[in-house]
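Numbering (our numbering), first residue to last: 1017 to 1218.
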């Protein structure tokens, strides 16, 4: 029952985090898209898609990475190696945050932003909201965004599996910089994710 209880606690915690982040990202994207042209809006959609692909790649790399190379790096006192070890030890939760939280939020927001871009483009071209032209534009743009998202994540997964160690090491270096320079600590001193219990990979 103890593992189940920890799992439920983590699930509830990550659900609350997702709720807050989704609200924040939605507000920011709505504010940024407000008043911009359809071309700039399209660029913003592509950036959101890229963010989703980027975090999905990191999440997959965390599950594919082996812990041993980072111990060797840590023995050589390379900055970020210890953080990379902690990422691999918490790979399930780290991947859940990157793939499900950030990835899914990016997918939802990119869909909402796409609808806004389609509306802006249709209005600029003089099409009504119920016209067949707008319907065609909507299908085309949504299909392109979906193709870029799925294709990008497929490419990212391949890249993550083959280059898991260097990817996670670079993420570890970033976490090290955040901890040392900005005092943002995501892991506690005993190797647990902040305010969460340590769960090692099997």
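Cβ atoms here follow ideal geometry from the backbone N, Cα and C, with glycine treated the same way.
- Measure the Cβ-Cβ separation of residue 1150 and residue 1144 and say whether it is below 9 Å. yes
- Query: What is the DSSP secondary structure of residue 1173, reduced to helix, strand or coil?
  - Reply: helix
- Query: In its own chain, which residues sit with a C-beta less than 7 Å from the C-beta of residue 1041, not counting the 5 before and 5 after it?
  - Reply: 1121, 1125.
- Message: I'd like to check one pair, residue 1129 with residue 1191: are the Cβ atoms closer than 9 Å?
- Response: no
- Task: Please check the pair residue 1072 and residue 1169, which I expect to be a contact at CB under 8 Å, by giving their CB distance rounded to whole angstroms.
- Result: Yes, residue 1072 and residue 1169 are in contact; Cβ-Cβ is about 5 Å, under 8 Å.
- Task: Could you check which residue in 1099, 1074, 1075 has the C-alpha nearest to that of residue 1085?
- Result: 1099
- Query: Could you give the residue range of the alpha helix (DSSP H) that holds residue 1104?
  - Reply: Counting along the chain, the unbroken alpha helix (DSSP H) around residue 1104 starts and ends at 1097-1105.
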